[in-house]
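Following: one structure in C-alpha cells, then a few remarks.
In my numbering, the protein residues as written are 12 to 595.
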C-alpha cells in the first residue's frame, strides 16, 4: 500500500520552453498533458503518485474494466463472466487472440501469475484485492477465480495485469529496484521514454480495445503552475490537471480552452492523534478525549476555507467521503453537523476540564498546557489553511507549534505517531472498502515492517466489527447501511476534521480535442480518474490534425528558478491513495 496525497505547493518558477510545432516531425498526433509531478515508477509494486496510476491505467490491462458513467463492471480482457450459486467462484470467458505489445500472447495465465505472485509477495498495489483469491486456468479461453470469503467487489477485478514473460525474470529481491522500462504494454499505450522533464507513451499496436485518436501521450513536468497554464494557453500542451483556482477563473468562452471542475471524492483533512491504545506514540493526552476532538471540529470554519482556499471550487467537509461514487457519502442531519461554533467549542473544552487557569490565553489541565504540535506540508495546503486553523484554535484557547516539512519527513512522523495535528488529504477509490480499512485498529501501528494507514491513530471495536461485516456482505442495501454506520461512528468520534471536498480543476484545448468523457459521468473530472477512459474516447476536433504538445524530442531542457510566492494563491495538488483496492 502506498500513501498518495493532495498537496498545495507555494512555489513558483521561471520556466523557459521553446515554442513547438503542433505535431512531431514524423506527423504523429500527440496529446500532451502538463503535470507538476513526473512519473515516480512504472513498476506497479513500487510507484506511489497518482500520475503513476494514470500511466499504469494506460499501459497495463485489466481483467474487467469500469464504466465511466457509474463504475459498473465492464468487459476488458474478459468478455463475460458467470458465478456459482454462492458467488464464491467466478468463471471468466477470455477475449481470444490478445497480445502484449511485443507480440507475446496475453492470456489467462498472465492473470493467474499476477494474482499468485501478488499474494506470495504481498504487493501493496494488489494485495487488498487479491489476498483471498485463487486463480485457475481452466483452458485457453477460460479463467476461474475462487474467493475464500464472500467478496462484494467481484466480479470486478481491477488490478493491473502484468506480463508473466517479463516479470518472471525479476526476482522478489530485485522487485523494488525493477524500473519496468521494458517498453511492454497490454493497454491502449506502451511506455516509450522517460526523461527528467517528461514521460512519453506510444500507442500499443496490439491493443485489443478501441483505438485511441492520438499516437502518443506525453506527460510533461513543470515546476510552476503559472508556466504550466501559460503553456496550455499558448498551445504548447493540450491539457492540464491541477489548474490553480485563480487561473481557472480566467478561462472564458472563446479562449479555445474548456475548463472542467470535476469531483471524485478527494478531500483534505486536519488529523488528530487520537491515542489508540494499540499503537504507542507521544500524542498530546488531550486528544484522547472525544470532547476535545469535537471542540476542534466546531472551531473550524469550513465554509470560509472553501471560499478562500478553494475559491469556491469545492464543498465544506462533513464525514469522510469513502468512495469516488457520491452514492456512498454520509448524509448527516443538520443538528448533528460540526458547524463552526466557537461557543460550542469552548463549552466542550470546559466540560473536558481544559481551562485557562493563568490567563495566558492557552488552556491547561493538571499542569499541562493545551499546546499542540501542528505539522503542515511544505508541499501541501501549507500556509493558507494552517494560518486559518491555527488562528481558530487560538480563539478557543488551544496553542499550536507549527512545523512545515516535506512529505517523506511527515510520513515518518505520522508512522511513529509523533504528532498532535497535521493536514493532508485522500483520494478514495470507487469501492469504499479501501478507505474504510485505513481506520481499523490493525492499521494503527508503529511497526516499521508494516505500512499502517490509520493516520489519526484512532481505534473503535464497533467500527472494526462493522468493517469486517461489510467486507463480506453481498447484499448491496445491507452493505450500504453498514458503511453508513461506520461513517457515522468515525464522524461522531471526530479524529478528523474533514476540511473540504474539493474539485479537480482541469483544462483541455477544445479547439483541438472533443468528446470529454468524465468519470463519474456528469460530476467527475476527465483526466486522472479511476480507470482513465478519456484517452481512448478523446477525438480530434473536426476529425483530423495534429496534437498540440509535439514530440518530446522537440523540447529543450526546462530551466527552473524556484521563487517563493508570498501571500499564497498559487497552489497545486499531488495525491495520495492507499491500497490499489479497485483500480482500483
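All C-beta atoms in this analysis are idealised placements derived from N, C-alpha and C, irrespective of residue type, glycine included.
Small disclaimer: the values here were computed from a predicted structure and weren't measured.
According to the Cβ coordinates, are residue 466 and residue 449 closer than 9 angstroms?
yes
Quick one, are the C-beta atoms of residue 250 and residue 44 less than 9 angstroms apart?
Yes, the pair counts as a contact, with Cβ atoms nearer than the cut-off.
Are the region 326–345 and the region 276–283 in contact at 8 angstroms, needing three or more beta carbon pairs?
yes
What residue from 532, 527, 540 has the CA that sits closest to residue 550's CA?
527
State yes or no: is the C-beta of residue 196 within less than 9 angstroms of the C-beta of residue 136?
no
Going by DSSP, what residue range makes up the alpha helix (DSSP H) through residue 530?
It is not in any alpha helix (DSSP H) - residue 530 carries neither H nor E in the DSSP assignment.
When you compare only the Cα positions, how much space is there between residue 427 and residue 286?
12 angstroms
In whole angstroms, what separates the C-alpha of residue 116 from that of residue 65?
24 angstroms
Continuous beta strand (DSSP E) stretch holding residue 436: start and end:
Counting along the chain, the beta strand (DSSP E) containing residue 436 begins and ends at 432–437.
Is it buried or exposed, residue 504, if we count other Cβ atoms within 10 angstroms and call 16 or more buried?
buried
Bridge partner(s) assigned by DSSP for residue 511
DSSP output for residue 511 lists 279, 327 as bridge partner(s).
Could you tell me which uninterrupted beta strand (DSSP E) segments, each at least 3 residues in length, are contained entirely in the region 429–502, listed from first to last along the chain?
Listed in chain order, the complete beta strand (DSSP E) runs (minimum 3 residues) inside the region 429–502 are 432–437.
Report the three-state DSSP secondary structure of residue 140 (helix, strand or coil).
helix
Grab the span of the alpha helix (DSSP H) containing residue 426 for me, first residue to last.
418–426
Suppose contacts are defined by Cβ-Cβ distances below 9 angstroms. Is residue 482 in contact with residue 444 by that definition?
It is a contact, given that the beta carbons lie within the stated cut-off.
If you count every other CB in all the chains shown that lies within 10 Å of the CB of residue 255, and 16 or more means buried, which is it?
Buried is the call here.
Where residue 403 sits in the DSSP three-state scheme:
helix
Could you give the DSSP three-state label for residue 11: helix, strand or coil?
The question about residue 11 has no answer, for the chain in this structure spans 12 to 595.
Select from 140, 418, 92, 429 the residue whose C-alpha is nearest the C-alpha of residue 435.
418
Does DSSP put residue 187 in a helix, a strand or coil?
helix
When DSSP labels each residue in this structure, what does residue 175 get in the three-state scheme?
helix
Need the endpoints of the beta strand (DSSP E) that residue 230 sits in, please.
227–232
As assigned by DSSP and simplified to three states, the class of residue 287
coil
In terms of residues, what are the limits of the beta strand (DSSP E) holding residue 385?
382–388
Report the partner residues of residue 599 according to the DSSP bridge assignment.
Any question about residue 599 goes unanswered here, given that the chain covers just 12 to 595.
What do you reckon, are the CB atoms on residue 351 and residue 312 nearer than 9 angstroms?
yes
Which partner residues of residue 550 appear in the DSSP bridge assignment?
525
Using 9 angstroms as the threshold, is the C-beta distance between residue 348 and residue 303 below it?
no
Close Cβ partners of residue 431 (< 8 angstroms) along its chain, the five nearest in sequence each way excluded
Within the same chain, residue 431 has close Cβ partners 283, 284, 294, 295, 298, 383, 384, 385.
Would the beta-carbon of residue 70 fall within 9 angstroms of that of residue 243?
no
Coarse secondary structure for residue 218, derived from DSSP in three states
coil
Measuring alpha carbon to alpha carbon, tell me which of 497, 439, 501 ends up nearest residue 596.
A query on residue 596 cannot be resolved here, the shown segment of the chain reaching from 12 to 595 and no further.
Coil, strand or helix - residue 355 by DSSP:
Residue 355 falls in the helix class under three-state DSSP.
Tell me the rounded alpha-carbon separation between residue 679 and residue 189.
Nothing about residue 679 can be reported from this structure: the residues present for the chain run from 12 to 595 only.
Unbroken stretches of the beta strand (DSSP E), 3 residues or longer, contained in the region 38–97:
Runs found: 41–46, 75–77, 84–86, 89–94.
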